[in-house]
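Below: the structure, in structure tokens.
There are 2 protein chains.
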Amino acid sequence: MAKDKRRRPKAETPKGFRDYFGPEVTERASMLARIAEIYHAYGFEALETSAVETVEALGKFLPDVDRPNEGVFAWEEDSDWLALRYDLTAPLARVYAQHRNDLPSPYRRYQMGTVWRNEKPGPGRFRQFYQCDADTVGAPSVAADAEICAMAADVLEAIGIARGDYLLRINNRKVLNGVMEAAGVLDPSDPERFAAERGIVLRAIDKLDRLGEQGVRALLGEGRKDESGDFTRGAGLADEQAEIVLAFTEARRDTAAATLSRLSELVATSETGRAGVEELETIGTLLGAQGYDDSRVLIDPSVVRGLGYYTGPVYEAELTFEIMDEKGRPRSFGSVAGGGRYDDLVKRFTGQEVPATGISLGVDRLLAALAAKRGAATAAAGPVVVTVMDRARMGDYLAMATELRNAGIRAEVYLGNPKNFGNQLKYADKRASPIAIIQGEDEEARGVVQLKDLILGARIAESASLEEWKDQPAQKEVARGDLVAEVRAMLASRS
Amino acid sequence: MAKDKRRRPKAETPKGFRDYFGPEVTERASMLARIAEIYHAYGFEALETSAVETVEALGKFLPDVDRPNEGVFAWEEDSDWLALRYDLTAPLARVYAQHRNDLPSPYRRYQMGTVWRNEKPGPGRFRQFYQCDADTVGAPSVAADAEICAMAADVLEAIGIARGDYLLRINNRKVLNGVMEAAGVLDPSDPERFAAERGIVLRAIDKLDRLGEQGVRALLGEGRKDESGDFTRGAGLADEQAEIVLAFTEARRDTAAATLSRLSELVATSETGRAGVEELETIGTLLGAQGYDDSRVLIDPSVVRGLGYYTGPVYEAELTFEIMDEKGRPRSFGSVAGGGRYDDLVKRFTGQEVPATGISLGVDRLLAALAAKRGAATAAAGPVVVTVMDRARMGDYLAMATELRNAGIRAEVYLGNPKNFGNQLKYADKRASPIAIIQGEDEEARGVVQLKDLILGARIAESASLEEWKDQPAQKEVARGDLVAEVRAMLASRS
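Line order of the protein sequences matches chains A and B. In terms of the working numbering, the first sequence opens at residue 909 and continues consecutively. In terms of the working numbering, the second sequence opens at residue 909 and continues consecutively.
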């Protein structure tokens, strides 16, 4: 003990970080691999940027964060400020500016990886998480936006979301700007004027789901007092102005043609607005030509997307099936991906405007959706466990596991202290093992092995009395030479 | 221009960091996926720890680094010092200590992921790279070491290294300690004594490949002056002592039995040494029982592994085929993986000694080996590119790409400005596209498309005159309805 006087380090992740175990890792990996296949088929190229960027290159595009370095993990290194990336879009802009002479133009790329946010951690809110993005840089045509939406629909189906269980909703910031013009909070000859008011309008519309029409109307006007009594200042619009904005959010009609016609009315006086409606019409036509109809991809004026940097089409993927919320009430699963067109991110570096559009998938949301769809039914399949009855015969037990693996069956030998056989079965249980293999002295002499069906055994233990369980009806003796065939048959009978 | 007065940020990664593009990402991903399959088959569970750890939890196990925080990227956050992980072993020790009541024992886990080292970057030496580890925690038996070696051999074959092109070399620190006892630099009754000398001996043996016997002999004795004139202090061993150490490094014989017998002679006076030889014998027997013979897994006393924390068996995987070095001379490819038994890492946290053994694969080294094996022959296959002859018919072009993708063929539409057709072909070229599809007004009227075989075209362009190239013999007109079948046939004829 004398050597252990030093205080021992705490075995903990830092606050807001966590570890992922077994199926959490492999299920995400296989979902991402499936998504990568779709991206690849569409001609998108993989990219993996460094996790560490200069603070200068990252810029300040994090939503809801105004102060420099706020929201990122940053440190000084040899008089440079470095930081962990907080999304995959800022690094893409840097990569495109850095390598633009070597990259094809347009450049379609996808990236999957971890991002870090230096935010207050909360329940289910972590400071490290996955993003999965696909973007097309250098394509001014809205065909690029249509392509991203089609691809997102394909991705959802590829990972197991059935057609009918998802909806891509598309809008256009240009239409919204047309509405702003019509409402008198955007002056095309002086784009900076009313910028603060427009910011409030944008955030108000984004809260429509949560606050309802009355709440949004209050935020468009003088402001709103919430349940806690806190007051949020409004955009100060007059009633007629607010009416125009609200009419926009309610412009969705039964068919795309009717929605577009309603939007045309609302933005008739604005050139930008008319161009935006035309773009939406083109996107709808292009998607229709490829078989993506209203039931999968829908023009919906209530989609605005919070981020300030979007300049054209914006889109959101939502899952429409119901799940139970924490209070047991059914609710629609909701948004799992979003994106849009942004034309200014590369300009920060090069001074040249480069058109770009892209989508970001919420990896954890998608995994939660797949788990909700699947239900708790499927347990992860553990390995067949070869138990150790005689320490001196370890070579024989290892050989059994090798045989099973060579036949494509996941298998391992118990490598703890073999003295207590009960511990070996407890171990197999913790490993979610379907079968334990047992060969003691007697079995070896007779050239047989015992196969213990642990899943059947567990079922019997649950349903029957201890006496019945002691008879071990879920155990079977087979010839050593039939080991692989018998294990395979036992596994097949239970799947 | 008035708005661009601010200094523009530099579009660069921080020093020592880089981005990975296309095949660099996908080839690594598919290699790691293949490795994960083997690990999984052996009953190892995936683990993904957080990239950020407390400095306290990480400890100071980085090789060749003595000062605290040296070698890691660290920063202060709310009065805690946080750091990016520098390997996957220190986080495993933290995870095992933190979750030991929930984890099976023994716990077999694998982890693949990025690690960061705050070291001076150099050519080919980056501050962020991948590691791919498999470890068994809580298994005292050397069967666990044997299993890791067998698994490493399986991994190498699974990713495409042929049997005969690799060798697992195994040694045991206990044998080395026995040799140290015999040489009088280890006193079992006072293990701290001569620790500095043993460190020098260990590092000297590790340099045998590079310095040869004479260089090592100098380092075991008074010391050695290198070509630059710099003097490295030696361990100060007398000649007879150095002889014993050197005899150990040269103890490898033609058969495992002969090597073990020679080692037994060398450590006859040491209890630890004898135990080490016995362990090596057991490992050899266990591997033999599973079909891993001397041609794949070999006992080799010259393997010592640099890291201080190993306590028992150590192992190294080396690729034995030759490659050309930068000066065009053939040399053996060398080490691609290494590991061993370490029993003290978890103890830092819990005070309890937990036996552990594991291997770390050099991901970049393995990718380089596969590339060297494959040669420059295989170019990455780009997508079929559908060109745009008539902007108004974008829907038709997108539909062609969709048809191809639905048939499993990677395909994309050109989304840049379509005005200059030459640019479209240049783009297809940059995308390494095998086929360009062309349908102008005339072709549409006649219900046909043109397929341009770009790879055949490139070959013709290389070998023939410009005149012949202009005849475009690598272009073929096919019925629109036969598009998918004809593209498939053209792709098949070239593979």
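Think of the CB as a built atom: it goes at the ideal place given N, C-alpha and C, for glycine as much as any other residue.
(request) Name the residue from B:Ile1056, B:Val1212, B:Arg1318 whose alpha carbon lies nearest to the alpha carbon of Ala1112 of chain B. (result) B:Val1212
(request) Evaluate Lys1360 of chain B with the Cβ neighbour count: other Cβ atoms within 10 Å of its Cβ, from every protein chain shown; 16 or more gives buried, anything less gives exposed. (result) A residue is called buried once 16 or more other Cβ atoms fall within 10 Å of its Cβ, and Lys1360 of chain B is buried on that count.
(request) Give me the Cα-Cα distance between Arg1033 of chain A and Ala1245 of chain A, rounded to the nearest whole angstrom. (result) 17 Å
(request) Mind checking who Arg1343 of chain B pairs with in its DSSP beta bridge? (result) It is Ile, not Arg, that sits at residue 1343 of chain B in the sequence shown. DSSP lists B:Asp1361 as partners of Ile1343 of chain B.
(request) Could you tell me whether the stretch 951-961 of chain A touches the stretch 1222-1240 of chain A, where touching means 3 or more Cβ pairs closer than 8 Å? (result) no
(request) Give the secondary structure of Lys918 of chain B by DSSP, where H, G and I count as helix, E and B as strand, and everything else as coil. (result) coil
(request) Check the C-beta distance from Val1292 of chain B over to Ile1317 of chain B and give it rounded, since I have them as a contact under 8 Å. (result) The C-beta distance from Val1292 of chain B to Ile1317 of chain B rounds to 6 Å, short enough to meet the 8 Å contact threshold.
(request) In angstroms with no decimal places, state the Cα-to-Cα distance between Gly1355 of chain B and Gly1389 of chain B. (result) 8 Å
(request) Under 7 Å between beta-carbons, which chain A residues line up against Val1003 of chain B? List them in chain order, please. (result) Within 7 Å Cβ-Cβ: Asp927.
(message) Any beta carbon of chain A sitting closer than 8 Å to that of Ser1401 of chain B?
(response) no
(message) Contact criterion: CB-CB distance below 8 Å. Does Lys1338 of chain A meet it with respect to chain B?
(response) yes
(message) Any heavy atom of the ligand HEM inside 7 Å of the beta-carbon of Gly1348 of chain A?
(response) Annotation note on the ligand HEM: not contained in the displayed structure, which lists no ligands.
(request) Pick out whichever of B:Val1153, B:Asp1010, B:Leu990, B:Asn1085 has its Cα sitting closest to the Cα of Ala1103 of chain B. (result) B:Asn1085
(message) So, at 7 Å on beta carbons, what are the nonlocal neighbours of Glu1027 of chain A in its own chain, with the 5 sequence-adjacent residues on each side left out?
(response) Gly979, Arg1035
(message) Between which two residues does the alpha helix (DSSP H) holding Val1063 of chain A run?
(response) 1051-1067
(request) Keeping to the same chain, check which residues put their C-beta closer than 6 Å to that of Arg1077 of chain A; ignore five residues upstream and five downstream. (result) Leu1206, Asp1208, Val1211, Glu1224
(request) Could you tell me if Ser938 of chain A is buried or exposed, where buried requires 16 or more neighbouring beta carbons within 10 angstroms of its beta carbon? (result) exposed
(request) Can you check DSSP and say which residues form a bridge with Ile1267 of chain B? (result) Per DSSP, the beta-bridge partners of Ile1267 of chain B are B:Ala1042, B:Gly1247.
(message) Which of the three DSSP states is assigned to Val973 of chain A in this structure?
(response) With a pLDDT of 47 at Val973 of chain A, under the threshold of 50, the predicted position of this residue should be treated as unreliable, though the coordinate-derived value follows. The answer is coil: DSSP assigns Val973 of chain A none of H, G, I, E or B.
(message) Whether or not the stretch 1089-1097 of chain A and the stretch 1146-1156 of chain A are in contact is what I'm after, with contact meaning three or more pairs of Cβ atoms, one per stretch, closer than 8 Å; do they touch?
(response) yes
(request) Taking Tyr1335 of chain B as the query, report the chain A residues whose CB atoms sit under 9 Å from its CB, ordered along the chain. (result) Pro1012, Ser1013, Pro1014
(request) Using the Cα positions of Met909 of chain A and Leu966 of chain B, report the straight-line distance between them to the nearest angstrom. (result) Note that Met909 of chain A has pLDDT 40, beneath the 50 cutoff, so the model's placement of it is unreliable and the number below is only indicative. Each residue's alpha carbon lies about 22 Å from the other.
(request) Return the CA-CA distance between Ala998 of chain A and Val1083 of chain A, expressed in angstroms with no decimal places. (result) 26 Å
(message) Using DSSP's beta-bridge definition, name the partner residues of Leu1323 of chain A.
(response) Answer is none; Leu1323 of chain A lacks a bridge partner.
(message) Give me the chain B residues within the contact set of Arg1327 of chain A, using Cβ-Cβ distance strictly less than 8 Å, ordered along the chain.
(response) For clarity, residue 1327 of chain A is Lys in the given sequence; the question names Arg instead. In chain order: nothing, as chain B lies at least about 12 Å away.
(request) Could you check if Gln1260 of chain B is buried or exposed, using at least 16 other CB atoms within 10 Å of its CB as the buried criterion? (result) exposed
(request) Decide if the stretch 1038-1047 of chain B is in contact with the stretch 1258-1274 of chain B; the criterion is three or more beta carbon pairs, one per stretch, under 8 Å apart. (result) Yes, since at least three Cβ pairs between the stretch 1038-1047 of chain B and the stretch 1258-1274 of chain B fall closer than 8 Å, the two stretches touch.
(message) Can you look up Leu1227 of chain A in the DSSP assignment and give me helix, strand or coil?
(response) In the three-state reduction of the DSSP assignment, Leu1227 of chain A falls in the strand class.
(message) Bridge partners for Asp988 of chain A per DSSP, in chain order?
(response) A:Glu985
(request) Report yes if the CB atom of Arg915 of chain B is closer than 8 Å to the CB atom of Arg1256 of chain A, and no otherwise. (result) Not in contact: Arg915 of chain B and Arg1256 of chain A (Cβ atoms no closer than 8 Å).
(message) Check this for me: beta carbons of Val1294 of chain B and Val1321 of chain B, under 8 Å apart or not?
(response) yes
(request) Return helix, strand or coil for Leu1253 of chain B, following the three-state DSSP convention. (result) coil
(request) Could you please give the first and the last residue of the uninterrupted beta strand (DSSP E) stretch that includes Val1292 of chain A? (result) 1292-1294
(message) Beta carbons nearer than 9 Å to chain C: which residues of the stretch 977-1007 of chain B have them?
(response) This model lacks chain C altogether, as its protein chains are A and B.
(message) Mapping the DSSP letters down to three states, classify Asn1314 of chain A as helix, strand or coil.
(response) helix
(request) Name, please, each residue of chain A whose Cβ falls closer than 8 Å to the Cβ of Ser958 of chain B. (result) Thr921, Pro922, Phe925, Arg926, Asp927, Gln1036
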